[in-house]
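Numbering follows our numbering, in which position 76 of the sequence shown is assigned residue number 59; successive positions increment by one, without gaps.
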Amino acid sequence: MGAVDLVGSFSLLAHFNYLGSADAWLTGVLATQFAFIPLLWVLLIACFTGLIHATLLKQHQLPWIPHLAVGSLIVTLVQLI
């Protein structure tokens, strides 16, 4: 599964309004910058921090872009160590 497959998958989610178009675009950009396994870690960290954020603030919608940024920052820092 390459970056093109992931971009297509997230674009399909954006098409059916499960994900915003900017979220799908940013995920596509991250797919071109990270290898497959680090990208999965970015998505896992983004989901985990997003769920914590939504639970603590009792929100029904997740702000996905800031959590993708946090996930990519954490993965980048871990790769530098």
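For glycine and all other residues, C-beta sits at the position ideal for the given N, C-alpha and C.
### Query
So, are the CB atoms of Leu13 and Ser55 less than 8 Å apart?
yes
### Query
Where does Leu56 fall in DSSP's three states?
helix
### Query
For the alpha helix (DSSP H) that His36 lies in, which residues bound it at each end?
Phe19 to Leu40
### Query
If Phe17 sits next to Val61, beta carbons under 8 Å apart, how far is it from one beta carbon to the other, in whole angstroms?
So it is not a contact: roughly 12 Å between Cβ atoms.
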